[in-house]
Amino acid sequence: MRLIVGVTGILMALGLGSASAAEPSVREAYVDVPMPPGFKVVSTELEGPVFADARGHTLYKWPIASLRNGYAGDPKDKSACEDVVTTKTGGYMSPYPGGLDLPDLDARKSCVAEWPPALADANAKPVGDWSIIKRSDGTLQWAYDHQPLYTSHLDQSPGDVLGGTSLFRRGGDTPAERFPVGPPSALPPGFRIEGTLHGRMLVNDKRYSVYASDADEADKSNCTSEACLQRWLPMLAPETAQPRGEWSIVQRSLGVRQWAFRKQPLYTYMRDTRAMSQDGGDEPGWHNVYAQPGPAYPKSFTVQNTTYGDVLAERNGKTVYFYTCGDDSADQLSCDTLGSPQQYRMAICGGGDWARCHELWHFVPASADEKSEGSVWSIISVDPKTDRQAAEGQAGAVRVWAFRGRPIYTYSGDQQPGEFRGHSMGEWQGRRNGFRAFWLRVI
Amino acid sequence: MRLVSNKTCATLAALAVTSLTAGMVLADGSQSIAATRTIGYVTTDLHWAFYQTADVDKDCPQGLAGYGPRETFKALYPNGGPVGKTQLARESLKFFPNDKQMQFPYIFSKATIGVGVNLDGKVGPNDYVSPTGEKGIDNALQKVLGCNAQFRQPEGQLQLFGNKFVRTSTWNRTLIEISNVDDISNSDNVAVTIYRGRDPVLLDATGEGVAPGGTQRVDMRWGKPIIQHLKGKIVDGVLITEPIKEGIYPWAIYNDVPTLLNWRDMRLKLTLTPERADGLIAGYMDVESYYTWLTAWSTHHLSYGRLDPAEFYWTLRKMADAYPNEKGEMTAISSALTVNMVQAFISHPDADAMKSNQKITDARH
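Read top to bottom, the protein sequences are chains A and B.
Heads up, the first sequence is in the working numbering, so the first residue is 1 and it goes up one at a time.
Heads up, the second sequence is in the working numbering, so the first residue is 1 and it goes up one at a time.
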């Protein structure tokens, strides 16, 4: 099986890159798994490598999830996403009963309309971990690792991953979410990659952060003193481990081998007390390691120190929030885009009062000289009279910043930089229908 | 370096002490330890203080709270309806409780014994008598919480799980450091500083309890607003502080939902030993702050105790007994938290070192 390494990644592997933070053009390497004809891998800014169809549209899975009152999503080798417009809530999220009328039924789409299945033709053959399932209407659908695959009606361009994200491990009580699907990352055993706003973070198998030091040289560790080794634990490679792709092995002493990534010897931090920590980066010259950097947020944005950690803020220091929402139907459709029913957001941002919502929660305006620099952080036009997306240049429309195609907000309850009073406002601490701050680092 | 008497040295050798400078000073009875004259503790448990008997009927002759989110929903929308006008309307009210007046009956505790502190120095008709016979105990919150299963021990869901996060969440790693200690039993003039620690608590051999003797680094990067200074004295082993006009105490009852309790006239009353500090944080709790703390709990979780958030909000306002606003409405409610702490060595980072380590999280901008 081949490894695919991004072009800049190769340069880094040759020792031409810096020792720590991944360069903007570095892309995460992945395992070149066999794919059916017509599919490919696209390297995305936020999610790393993902599978895509011939148009470059990202493929998603919808794994079954345990909700408070039942299950939603696809069991293995079966699709629960049907071409039927659901009209009632499912009552999955206690304490409210099911059977309530869903909003905007005249415009509501079916699950299939929002999540078109990746259909296979009659002659398609399973390849590797790709298999074919039969849908309830008799059509055939591709599955990967037994999970049926879909595209998202939100994705328009190759590289778009607007349908779902593996970022923000939000734990339980989120909707049954859709996630992008991609090939395995090219990693030795004992490593994994976690999505963060900073980038695709390298961690060990317990999700503890992996670090590199500026004081090391290419494939050479200079952390050999007792003082250094009391704080930093080299990530040892077993005797049978072999260098591969961006991964090499540093011989610390006879029989003691240490993993290196892009020629940087790797360590864990003895003082880390939790997964995905950035605490080791507070030691001068030490850094978390990223397989690829996260998409750069708007240049006018700032990072604010709060009592809970570092949060992303707009130019004046006001904390910025994203709004997330999934409905309580059997389809678990997203309700956080400008095209989805607005009642959910209005309930939380203004108690159902449109004017109060606008008074309390503000879009983040983009100045005239600001431009979108990617599909993750982008500028969209919004009609403030309807809160629907407007055509660029439409009279009365405002240009606002968006994250993953959804507008972001500031909260009028935040008076000073560093305040985050809007964080977690909403159903289920904002995880199901509400606002969450963009935390870059938490205590 | 200040000289201390042999008696004081002996006492201090028994104290678990903390360093006021960079690094740690061990509790080995050395002169440098004695010179610090300090002891630190880390919070391990928080519960709202109220007196309850084993027999619910005595405290709550009308029974326990009956109108939680499920019950109010059923009463208001027996035939269901559009999600926007039913489910979302109730969720709206959780965040905008002033939009609708109280609609359902609320059951108040009838207990006459109360846990707390005499906050105003008076004995009034609404005051409680403490379990030890002290009169004038101010704890109007007890009347609100006492008949709600959410709060009653041992099985109250919020009592159980809200406390669970005290030990696991760094946000809740609240420390107190008592300095100027002559004797842990009696000291006329001590200074108490509240900090936030950065380290996990030290678990004992069972993995359940928290052992004394752990180390806590003070969080000077994100925790500065938590730092508060109180003055007090130790009398017969009990630390009693003077109230501070406005105090805060962090308590996140759910992961990733950091909340601060805002107190008026906040004070501490803690029984000290070299290993533990147990007692009360008391004062007038800002009603809005309390409600924000409470609503970090999802409506689902609040259902366990039949606690409808909007109804509860109005009850809090009704029972609030201090700090009237310009309309004459009380904005704070007398209350107390039971707090348990164990001794911890408090490590103060060198201020200059911290400064040089501080940097923008992301260097791309």
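Ideal Cβ positions, reconstructed from N, Cα and C, are used throughout, including at glycine.
In the structure shown, the three-state DSSP call for A/Arg244 is strand. Take A/Trp286, set aside five residues on each side of it, and the residues of its chain with a beta-carbon closer than 6 Å to its own are Tyr211, Ser213, Gly280, in chain order.
Counting along the chain, the unbroken alpha helix (DSSP H) around A/Glu226 starts and ends at 226-229.
With its beta carbon at least 8 Å from every one in chain A, B/Asp236 lies outside the interface.
With 16 or more neighbouring CB atoms inside 10 Å of its own CB, A/Asp328 falls in the buried class. Beta-bridge pairing by DSSP links A/Tyr92 to no other residue.
Within the same chain, and ignoring the five residues on either side of B/Ile240 in sequence, the residues whose Cβ sits closer than 7 Å to its Cβ are Gly232, Lys233, Lys269. Distance check between B/Ala111 and each of B/Ala75, B/Tyr249, B/Pro154, B/Gln52 places B/Gln52 closest, using alpha-carbon atoms only. Close partners of B/Tyr195 in chain A (Cβ separation under 9 Å) are lacking, with about 12 Å as the shortest Cβ gap. Counting only runs of at least 4 residues, the stretch 56-142 of chain B fully encloses the following alpha helix (DSSP H) elements, listed from N- to C-terminal order: 56-59, 69-76, 87-95. Residue environment analysis places A/Arg55 among the exposed positions, since fewer than 16 neighbouring C-beta atoms fall within 10 angstroms of its C-beta. A residue is called buried when at least 16 other Cβ atoms come within 10 angstroms of its Cβ; A/Pro95 meets this threshold and is buried. Annotation: the continuous alpha helix (DSSP H) that includes B/Asn163 extends over 157-168. Here B/Lys94 has Thr295, Thr299, Pro309, Ala310 as same chain residues with Cβ atoms under 7 Å from its own Cβ, once five neighbours each way along the sequence are excluded. Residues of chain B with a Cβ closer than 8 Å to the Cβ of A/Ala347 are, in chain order, Gly84, Leu88, Ala89, Glu91, Ser92. With a cutoff of 8 Å on beta-carbon distance, A/Phe322 and A/Arg421 are scored as not near each other. Between B/Trp222 and A/Gly164, the gap from beta carbon to beta carbon reaches 8 Å or more. Fully enclosed alpha helix (DSSP H) runs of no fewer than 4 residues occupy 287-294, 299-303 of the stretch 248-304 of chain B, in order along the chain. For B/Val210, none of the residues of chain A pass the 7 Å Cβ criterion, the least Cβ distance being about 15 Å. In this structure, A/Asp121 keeps its C-beta atom at 8 Å or more from the C-beta atom of A/Asp145. Distance from the CA of A/Asp155 to the CA of A/Gly99, rounded to the nearest whole angstrom, comes to 31 Å. Beta-bridge pairing by DSSP links A/Thr196 to no other residue. For A/Leu46, no pairing in a beta bridge is given by DSSP. Residue pairing by DSSP puts A/Val398 in a beta bridge opposite A/Val382. B/Glu177: member of the beta strand (DSSP E) spanning 174-179, first to last residue. Residue pairing from DSSP places A/His362 in a beta bridge opposite A/Thr410.
Around A/Ser372, the same chain offers Ser378, Ile379 as residues with beta carbons nearer than 8 Å, after the five sequence neighbours per side are excluded. With a beta-carbon spacing of about 19 Å, A/Phe438 and A/Leu338 fall beyond the 8 Å limit used to define contacts. Look at A/Tyr60: its C-beta is not under 8 Å from any C-beta on chain B. Here the alpha carbon of B/Pro324 sits roughly 15 Å from the alpha carbon of B/Lys245. The CB of A/Trp428 comes closer than 7 Å to the CB of Ser298 in chain B, given here in chain order.
For A/Asn305, the closest Cβ of chain B is nearer than 8 Å. Residues Leu140 of the same chain have their beta carbon placed closer than 7 Å to that of A/Lys134, with the five preceding and five following residues left out of the count.
When Cβ-Cβ separations below 8 Å define contact, A/Thr273 makes contact with chain B. Non-local C-beta neighbours of B/Ser187 in its own chain, meaning closer than 8 Å and more than five positions away in sequence, comprise Asn180, Val181, Lys233, Ile234, ordered along the chain. Interface criterion met: the Cβ of A/Tyr96 is under 8 Å from a Cβ in chain B.
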